[in-house]
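Here the working numbering is used: the first residue of the sequence shown is 73, the next is one more, and so on.
Just so you know, even glycine gets a beta-carbon here, dropped at the ideal spot from N, CA and C.
Please read these numbers as outputs of a predicted model, since none were measured by experiment.
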Amino acid sequence: MHADNRRGILAMSLAMALFIANDALVKQVSATLPGPQLIFIRGLMATTLVLIMAQAMGHLKNWRLMLNKRLWIRGSVDAVASLTYLTAVFHLPLGNATAINLASPLFITVFAIIFFKEQVTLQRGSLILLGFSGVLLVVQPSSEGFNVYAWIAVLATLFHATRDTLTRAIGLHVPALLITLSTAVSVAIAAGGDGLLLAHCGHAFW
73 MHADNRRGIL AMSLAMALFI ANDALVKQVS ATLPGPQLIF IRGLMATTLV LIMAQAMGHL
133 KNWRLMLNKR LWIRGSVDAV ASLTYLTAVF HLPLGNATAI NLASPLFITV FAIIFFKEQV
193 TLQRGSLILL GFSGVLLVVQ PSSEGFNVYA WIAVLATLFH ATRDTLTRAI GLHVPALLIT
253 LSTAVSVAIA AGGDGLLLAH CGHAFW
């Protein structure tokens, strides 16, 4: 296996573990704090942390790279994905929401075939179908087991896969921290707007 592939696998595995830990904390806090406010505060904290890291690593001197519209398209998609997925997390057992969200790599593989013309072996294709079957077992798409929040989680997973596919198109010349910064800002803005809607209209968009 190529060294870059190994690093990518390890990075993705660590990221998924941290996402799950984040989901657990968010679900716990959601019992006492409205969703939009929670996500907004989370976005502000993430923005502050990433700004500090970017400054320490000298990436902010390349701030013009953030004028790349692809970063903000990706950030907007991630904002929708975050708001949608966390809405599902608030209303589903964490294990169900996590299992559905873990289908994201399967969707990414499908997108890679469609948009990047990547080759997928028969073995890998079979595993993708098996993975989709596992997701269907969790979602239980039947009249008895239907749960709208499970389908919201599936929708969020599609947005997450779209976000990761868009990341591939940005290019290696843009530091990962600047990509993360654009995402954190986008999520904070989206959640703040949803919070204002909640304050003025009595209900949030999500």
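{"Asked": "Do the region 251 to 270 and the region 104 to 112 touch if we need at least three Cβ pairs shorter than 8 Å?", "Found": "yes"}
{"Asked": "Looking at C-alpha atoms only, which residue of Asp-95, Leu-121, His-74 and Ile-81 is the closest neighbour of Ser-254?", "Found": "Leu-121"}
{"Asked": "Helix, strand or coil for Asn-140 per DSSP?", "Found": "coil"}
{"Asked": "Express the C-alpha separation of Pro-106 and Phe-204 in angstroms, rounding to a whole number.", "Found": "32 Å"}
{"Asked": "CA-CA distance, Gly-217 and His-131?", "Found": "Model confidence at Gly-217 stands at a pLDDT of 49, short of 50, so the residue's coordinates are unreliable; what they give is reported in the following sentence. Roughly 49 Å separates the two Cα atoms."}
{"Asked": "If you scan the region 177 to 237 from start to end, which runs of the alpha helix (DSSP H) of 4 or more residues do you find wholly inside it?", "Found": "194 to 211"}
{"Asked": "Are the region 88 to 100 and the region 132 to 146 touching by the rule of at least three beta carbon pairs closer than 8 Å?", "Found": "no"}
{"Asked": "Would a C-beta distance cut-off of 8 Å place Leu-137 and Val-246 closer than the cut-off?", "Found": "yes"}
{"Asked": "To the nearest angstrom, how far is it from the Cα of Ala-184 to the Cα of Val-220?", "Found": "28 Å"}
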